[in-house]
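These notes concern the structure reproduced below.
Protein chains: 4
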Amino acid sequence: MEPNKIIVRGYDLMDLVGKHSYADLTYLLWRGELPSQSQSHMMDALLTACLEHSLNAPSVDATRFVASCGVPLQAAVSAGVSAIGELHGGAIEQAAKILQEGVSSMKKTQTPVNQMSEEILQDYRDRKQRLPGYGHPTHTNDPRTRKLIEISKETHLSGAHVELALTLESQTDKFFRKHLTLNVDGAIAAITSDMGFDWRLGKGFFIVSRIPGLIAHAYEQAYFDKPYKAPDWSEIVYTGLAERKVPDRVGE
Amino acid sequence: MEPNKIIVRGYDLMDLVGKHSYADLTYLLWRGELPSQSQSHMMDALLTACLEHSLNAPSVDATRFVASCGVPLQAAVSAGVSAIGELHGGAIEQAAKILQEGVSSMKKTQTPVNQMSEEILQDYRDRKQRLPGYGHPTHTNDPRTRKLIEISKETHLSGAHVELALTLESQTDKFFRKHLTLNVDGAIAAITSDMGFDWRLGKGFFIVSRIPGLIAHAYEQAYFDKPYKAPDWSEIVYTGLAERKVPDRVGE
Amino acid sequence: MEPNKIIVRGYDLMDLVGKHSYADLTYLLWRGELPSQSQSHMMDALLTACLEHSLNAPSVDATRFVASCGVPLQAAVSAGVSAIGELHGGAIEQAAKILQEGVSSMKKTQTPVNQMSEEILQDYRDRKQRLPGYGHPTHTNDPRTRKLIEISKETHLSGAHVELALTLESQTDKFFRKHLTLNVDGAIAAITSDMGFDWRLGKGFFIVSRIPGLIAHAYEQAYFDKPYKAPDWSEIVYTGLAERKVPDRVGE
Amino acid sequence: MEPNKIIVRGYDLMDLVGKHSYADLTYLLWRGELPSQSQSHMMDALLTACLEHSLNAPSVDATRFVASCGVPLQAAVSAGVSAIGELHGGAIEQAAKILQEGVSSMKKTQTPVNQMSEEILQDYRDRKQRLPGYGHPTHTNDPRTRKLIEISKETHLSGAHVELALTLESQTDKFFRKHLTLNVDGAIAAITSDMGFDWRLGKGFFIVSRIPGLIAHAYEQAYFDKPYKAPDWSEIVYTGLAERKVPDRVGE
Numbered sequence: 007m008e009p010n011k012i013i014v015r016g017y018d019l020m021d022l023v024g025k026h027s028y029a030d031l032t033y034l035l036w037r038g039e040l041p042s043q044s045q046s047h048m049m050d051a052l053l054t055a056c057l058e059h060s061l062n063a064p065s066v067d068a069t070r071f072v073a074s075c076g077v078p079l080q081a082a083v084s085a086g087v088s089a090i091g092e093l094h095g096g097a098i099e100q101a102a103k104i105l106q107e108g109v110s111s112m113k114k115t116q117t118p119v120n121q122m123s124e125e126i127l128q129d130y131r132d133r134k135q136r137l138p139g140y141g142h143p144t145h146t147n148d149p150r151t152r153k154l155i156e157i158s159k160e161t162h163l164s165g166a167h168v169e170l171a172l173t174l175e176s177q178t179d180k181f182f183r184k185h186l187t188l189n190v191d192g193a194i195a196a197i198t199s200d201m202g203f204d205w206r207l208g209k210g211f212f213i214v215s216r217i218p219g220l221i222a223h224a225y226e227q228a229y230f231d232k233p234y235k236a237p238d239w240s241e242i243v244y245t246g247l248a249e250r251k252v253p254d255r256v257g258e
Numbered sequence: 007m008e009p010n011k012i013i014v015r016g017y018d019l020m021d022l023v024g025k026h027s028y029a030d031l032t033y034l035l036w037r038g039e040l041p042s043q044s045q046s047h048m049m050d051a052l053l054t055a056c057l058e059h060s061l062n063a064p065s066v067d068a069t070r071f072v073a074s075c076g077v078p079l080q081a082a083v084s085a086g087v088s089a090i091g092e093l094h095g096g097a098i099e100q101a102a103k104i105l106q107e108g109v110s111s112m113k114k115t116q117t118p119v120n121q122m123s124e125e126i127l128q129d130y131r132d133r134k135q136r137l138p139g140y141g142h143p144t145h146t147n148d149p150r151t152r153k154l155i156e157i158s159k160e161t162h163l164s165g166a167h168v169e170l171a172l173t174l175e176s177q178t179d180k181f182f183r184k185h186l187t188l189n190v191d192g193a194i195a196a197i198t199s200d201m202g203f204d205w206r207l208g209k210g211f212f213i214v215s216r217i218p219g220l221i222a223h224a225y226e227q228a229y230f231d232k233p234y235k236a237p238d239w240s241e242i243v244y245t246g247l248a249e250r251k252v253p254d255r256v257g258e
Numbered sequence: 007m008e009p010n011k012i013i014v015r016g017y018d019l020m021d022l023v024g025k026h027s028y029a030d031l032t033y034l035l036w037r038g039e040l041p042s043q044s045q046s047h048m049m050d051a052l053l054t055a056c057l058e059h060s061l062n063a064p065s066v067d068a069t070r071f072v073a074s075c076g077v078p079l080q081a082a083v084s085a086g087v088s089a090i091g092e093l094h095g096g097a098i099e100q101a102a103k104i105l106q107e108g109v110s111s112m113k114k115t116q117t118p119v120n121q122m123s124e125e126i127l128q129d130y131r132d133r134k135q136r137l138p139g140y141g142h143p144t145h146t147n148d149p150r151t152r153k154l155i156e157i158s159k160e161t162h163l164s165g166a167h168v169e170l171a172l173t174l175e176s177q178t179d180k181f182f183r184k185h186l187t188l189n190v191d192g193a194i195a196a197i198t199s200d201m202g203f204d205w206r207l208g209k210g211f212f213i214v215s216r217i218p219g220l221i222a223h224a225y226e227q228a229y230f231d232k233p234y235k236a237p238d239w240s241e242i243v244y245t246g247l248a249e250r251k252v253p254d255r256v257g258e
Numbered sequence: 007m008e009p010n011k012i013i014v015r016g017y018d019l020m021d022l023v024g025k026h027s028y029a030d031l032t033y034l035l036w037r038g039e040l041p042s043q044s045q046s047h048m049m050d051a052l053l054t055a056c057l058e059h060s061l062n063a064p065s066v067d068a069t070r071f072v073a074s075c076g077v078p079l080q081a082a083v084s085a086g087v088s089a090i091g092e093l094h095g096g097a098i099e100q101a102a103k104i105l106q107e108g109v110s111s112m113k114k115t116q117t118p119v120n121q122m123s124e125e126i127l128q129d130y131r132d133r134k135q136r137l138p139g140y141g142h143p144t145h146t147n148d149p150r151t152r153k154l155i156e157i158s159k160e161t162h163l164s165g166a167h168v169e170l171a172l173t174l175e176s177q178t179d180k181f182f183r184k185h186l187t188l189n190v191d192g193a194i195a196a197i198t199s200d201m202g203f204d205w206r207l208g209k210g211f212f213i214v215s216r217i218p219g220l221i222a223h224a225y226e227q228a229y230f231d232k233p234y235k236a237p238d239w240s241e242i243v244y245t246g247l248a249e250r251k252v253p254d255r256v257g258e
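So this is what it looks like as structure tokens:
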């Protein structure tokens, strides 16, 4: 940056604005280069697939509670962003790590994809851990997954990571006795890995995609909803100690 | 600070630790001097009166939602602190401002406390605004208020601001047709004003007092409660638009 | 939302993904309707014009300090979002409020734009307040402003609010004895007002536009930079009290 | 909680206020019981030993940057709390985990403290990892450590965990070829472990102790310091790409 000029990754920002989309410039900031048209199209799909999920998301709940307290818009959004943790969006990072390590190991050791997939599933079954990026409490066949995988094929951007991800999905029945569908976190993990993104940027996709919704929720809560309403007394069950007297302090 | 030595407001921190309480050192950081024994006793009461309020507080709700997402402890506490806004703890600041301006004006213009109180109430009634520090959705006679005022009298720390606060309370019936009890925010505002605290530090008392509880809630939620549970579907009412088709983009 | 289906403002999200851009869906969430092609193009420009501003932004500094502490990505981004306050991005809201009230008053009272502009400037000069949306510490002729106004004209989206904003700029010399350029906050305020956005959503544009950069900074700081380095001792000047002894507590 | 009554861990809050200190009630919230006088004294020391560390702390820097942006007090404090991560206060948790696992293993396997200490140091040396709770960039002999350990002995609260912590310190020379002093994080970890606190509450002590200072910094920055000042241009070195032209988009 210098007076009257802003340079982003070597380009004058003013030569980009009006010519390149928000998704393009997100790609530029995160990768250092402008995307091709395929990559640009894919980025827009990746950043919109997680756009909204109604009140059924802890980041939205946190945003709305804070927004009900008489705070500026950004404070409520900030609280919602805090909620994007390992159990809420974090599976993208974790799944991308598994896929990137898997594909890297396949290349080094010339392991076929079926075998690598079995090794991963075996390992998770043995350690009794959930496989990140698979299964969803509500969606048995996540529509977002199908859409994103479809676009990744149309744009010829899917590769070894998507292949491994789908192979894992097809073998979950065998290892876990029930089908675990590749969820939207897993799909984003696979596609961004094929596009060359570091797995440690995984949460970035989820954060960007949820921000417009968090802003909409904060705005609605702050200006159009009622202020904070105490939960119904009859619904709260006190599970603490019975009432007791404060003792006199004795001894040491 | 220098190697092996930490100076706080001129004192070696090691000469303070073990001799002075947490409440004392909070006073030192905020005022620049150590408190007298009366001030020390009052500080402890002020910092503990708002300690907890069960789940019935948006800062606790925000903390718990974030804590359910697989984040480190401080991230959940940070979201709870964000919620301490104008409608949740913020009345301390607002009430202290009114009281400090009122007392300052009383001194300058030699106005008696009854008249000043009436002017303030008249002003709020005319502008149809809620008087900060008065009334509570649950407590008609806030036990925390009585306790704090009592201690402020015992320690001889109450003065013109507490007097104005109590006068306002006694006259609310006349101006608002119902009794508005001085609530805990108003009591803290009045007492800290008599102790010489700037009203802009008002929220500080509420933040400090709520922190141990927010930590306890985050700890309990993260390690002993179930992970985030979606709200019951049958309880969510969709009030948005009816389903519709995405149109082809036409014209400009 | 229902199992295997996500509805946004009446549309099936899956009919939107791959067809509409991130900017389009941000518009949909905030306005309830999909944008026209002109509005879509304008949205992308509005959301990218503030993309980055190097280290010269307190939100970036806050993000980087937090990112250096061993925290997950979202915690650092959350701290950066907290910084988007009245003095950092907040001028969009404030300027949009002035312009929306100005244009509304012009219509009601049939006041010409020159006169309305003079009334506003007079008011700010009399109250010795800074006019939000005008002037910049670095850019005397903000290139982002020119670009955005140009696109708003090309897309025929500029109207009475942009006209008032430019009139205000042209008259600043007369009222403040120096030229105050319409800055990027002011330009966004004017154009979004002409597009029909509520001024209370003003900060939303700034938050969305800064998020990819905050993520890039957090990622770079956490994984490629050195951990937190104490400031150079020789550069810190202690301006506090001289060292003193902790007194014995005496009397009350 | 019920109207006009607030119950904390079985006690009426009003029977506690004015009788018990802030440190006492923090202990009550975190442990479920009131502390003895020794425990109460120790708590106050633990919660004040980390009170302040000048500008030399990333939580303070983050708080001050956010406070300079025109935000309410709690927003700046919230950003500072976000910074209390693995590399800033987080060593308390990590060190307490090591000590609690070590003492538990000593009891089960009847291992003497010297041998357990050697096993731990060997393990960290082999894995080339830093031992949490030992060493400090500035303090070669952390005065806070000595003070806290001293009080833990006076109050007869120190036990097996403190013994293991001190044994580890005495053996660092042998394993790492330089003396690593037990730092304040390690001391808090050892003493709170002897008091029976779960290691997962470790950061809670650091958060509580830093809050009054974060509030003081936010207050000072917001009301008495200059607004955000851009870093000196001459000090920023642009290490990005050389300026280049935005290409026309070609091919896919």
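Chains as they are written, first to last, in the working numbering: chain A, 7 to 258; chain B, 7 to 258; chain C, 7 to 258; chain D, 7 to 258. By construction, the Cβ of each residue, glycine as well, lies at the ideal position given by its N, Cα and C atoms.
Which first and last residues belong to the alpha helix (DSSP H) in which residue i is found?
| i | result |
| --- | --- |
| M20 of chain C | 19-22 |
| K159 of chain B | 149-160 |
| R206 of chain A | No alpha helix (DSSP H) holds R206 of chain A; DSSP gives it neither H nor E. |
| H167 of chain B | 166-182 |
| L35 of chain C | 28-37 |
| I126 of chain C | 119-132 |
| I104 of chain A | 97-115 |
| V87 of chain C | 79-88 |
| D70 of chain C | Reading off the sequence shown, one finds Arg at residue 70 of chain C, where the question assumed Asp. Element bounds for R70 of chain C: 64-73. |
| H47 of chain A | 43-54 |
For residue i, go through chain D and note every residue whose CB falls closer than 9 Å to its CB, in chain order.
| i | result |
| --- | --- |
| R206 of chain B | L79, Y225, A228, Y229 |
So with CB distances below 7 Å, who are the chain C contacts of residue i?
| i | result |
| --- | --- |
| V83 of chain A | V87, I213 |
| K209 of chain A | L79, Q80 |
| G219 of chain A | L35 |
Per DSSP, residue i forms a beta bridge with which residues?
| i | result |
| --- | --- |
| I13 of chain D | D:D18 |
| L188 of chain C | C:Y140 |
Report buried or exposed for residue i, applying the criterion of at least 16 other Cβ atoms within 10 angstroms of its Cβ.
| i | result |
| --- | --- |
| R133 of chain C | exposed |
| K11 of chain D | exposed |
| L80 of chain D | Residue 80 of chain D is actually Gln in this sequence, not Leu. Buried, because 16 or more other Cβ atoms sit within 10 Å of the Cβ of Q80 of chain D. |
Check the Cβ of residue i against every Cβ in chain D and list those closer than 8 Å, keeping chain order.
| i | result |
| --- | --- |
| G76 of chain C | G91, E92, L93, H94, G96 |
Which chain B residues sit within Cβ distance under 7 Å of residue i?
| i | result |
| --- | --- |
| A248 of chain C | G16 |
| V168 of chain C | By Cβ distance, chain B contributes nothing, its closest Cβ being about 18 Å from V168 of chain C, past 7 Å. |
So which residues on chain A does residue i lean against when the C-beta distance must stay under 8 Å?
| i | result |
| --- | --- |
| P64 of chain B | F71, V72, S74, C75, Y234 |
At a CB-CB cut-off below 9 Å, which residues of chain C make contact with residue i?
| i | result |
| --- | --- |
| V252 of chain B | Y17, D18, D21, L22, K25, H26, L40 |
Note down, in chain order, every chain A residue with its Cβ under 7 Å from the Cβ of residue i.
| i | result |
| --- | --- |
| V68 of chain B | The residue you asked about is not Val; residue 68 of chain B is Ala in the sequence shown. The answer, in chain order, is A68, F71, V72, A85. |
Report the neighbours of residue i on chain D: residues whose CB is nearer than 7 Å to its CB, in chain order.
| i | result |
| --- | --- |
| K184 of chain B | Within 7 Å Cβ-Cβ: nothing; K184 of chain B doesn't reach chain D, min ~16 Å. |
Give the residues of chain B in contact with residue i, contact being defined as C-beta atoms less than 9 Å apart.
| i | result |
| --- | --- |
| A5 of chain D | Shown here, chain D extends from 7 to 258; a query on residue 5 of chain D therefore has no answer. |
> According to a CB-to-CB cut-off of less than 9 Å, which residues of the stretch 10-27 of chain D neighbour chain A?
Replying inline: Per Cβ criterion, the list reads I13, V14, R15, G16, Y17, D18, D21, L22, K25, H26.
> What residues in the stretch 46-57 of chain D have a beta carbon less than 7 Å from any beta carbon of chain B?
Replying inline: Within the stretch 46-57 of chain D, the residues whose Cβ lies closer than 7 Å to some Cβ of chain B are D50, A51, L53, T54, A55, L57, listed in chain order.
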